[in-house]
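Sequence positions in the sequence shown follow this note's numbering and run -2 to 253.
Every residue, glycine too, gets a C-beta built ideally from N, C-alpha and C.
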Amino acid sequence: MADVERGDTLASPGYFDSTYMLDANLHILADAPAPLQYRDRVRLHLGPREVLARVVLLDADTLGPGDQGYVQLRLECPAVAAHGDRFVIRRYSPARTMGGGIILDPQPAKHRRGKADVLASLRDLDTENQVEAISAFLRNAGMEGRTAEQIAHLLGAGVDIARIELQSLVDAGQAGSFEDRGATRYLHSEIWRTLCDTILEALSVFHQTEALKAGISREPLRQQAAPHCPQAVYDAALEQLISENHLRVQASQISL
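So, in structure tokens, the structure goes:
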């Protein structure tokens, strides 16, 4: 217990990943003592813990009293959080309360302000509906997808609950699933459809330019269609296209 400090979060090993960045929806109090400026240093109160942080405003130059905006909190020491966690910020000095908000993404990439795709993603995550939040996390993950364990960590929920919610998205046609080294990964349906369409388009172009060839093998097709696609995702997409009779395989050659 000597290593446990005030405000630390206790969890099973590997359950949470600590982070130096948090995406959030921030509301400034109507009686806040001053506007919040870009990269202002603040005291972030997340649960019982206080962490010093810089506030990167993503959709405004300043946030005045009563304003709301999307921000990225850049922490000076690591912390753990989950989607939906509440927080309070106070001025660095004097330590007066400025406002508070909700954590949207506890494991974000580093953002620059004013990017439309980032703001759209945060709007999707700005929901109390767990299934909608999971869908947004899957979309953000791109072709890497997410496991139920990863989704559970982002939500601060149990893995069994995450699996049930993910399966509901699969059943509704809003996500796809595939096996990757013994783990089930989930992909947003938009990402999945785009990948399948890209494979079909690349194969169509191949037939037009190589009309005398019966087909193309798997790896050259991947290099033409989706060179950066993880192998397990590509293989799963091919198998689905073959099972749905969009593709044919003969002597290891793939054709339309």
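Check the Cα spacing between residue 215 and each of 208, 209 and 223: the tightest is with 223.
Residue 193: member of the alpha helix (DSSP H) spanning 186 to 206, first to last residue. Secondary structure of residue 17 (DSSP, three-state): strand. For residue 75, the three-state secondary structure derived from DSSP is strand. Judged by DSSP in its simplified three-state form, residue 137 adopts helix. Judged by DSSP secondary structure, residue 235 falls outside any beta strand (DSSP E) and instead within the alpha helix (DSSP H) spanning 228 to 240. Counting only runs of 3 or more residues that sit fully inside the region 91 to 129, the beta strand (DSSP E) segments are 94 to 102, in chain order.
Closest in C-alpha terms to residue 34, from the list 89, 242 and 117, comes 89.
Taking each of 225, 197 and 106 in turn and checking the Cα distance to residue 237, the smallest one comes out for 197.
DSSP, reduced to helix, strand and coil, places residue 34 within a strand of the structure shown. For residue 22, the closest alpha carbon among the candidates 203, 69, 141 and 159 is that of 69. Put simply, of 173, 239 and 212 the residue whose alpha carbon is nearest the alpha carbon of residue 141 is 173. Residue nearest to residue 205 within the set 190, 116, 253 and 54 is 253 (criterion: CA-CA distance).
Residue 61 is positioned such that its CB atom lies closer than 8 Å to that of residue 32. Annotation for residue 93: 30 and 87 place their beta carbon closer than 7 Å to its own, counting only its chain and skipping 5 residues before and after.
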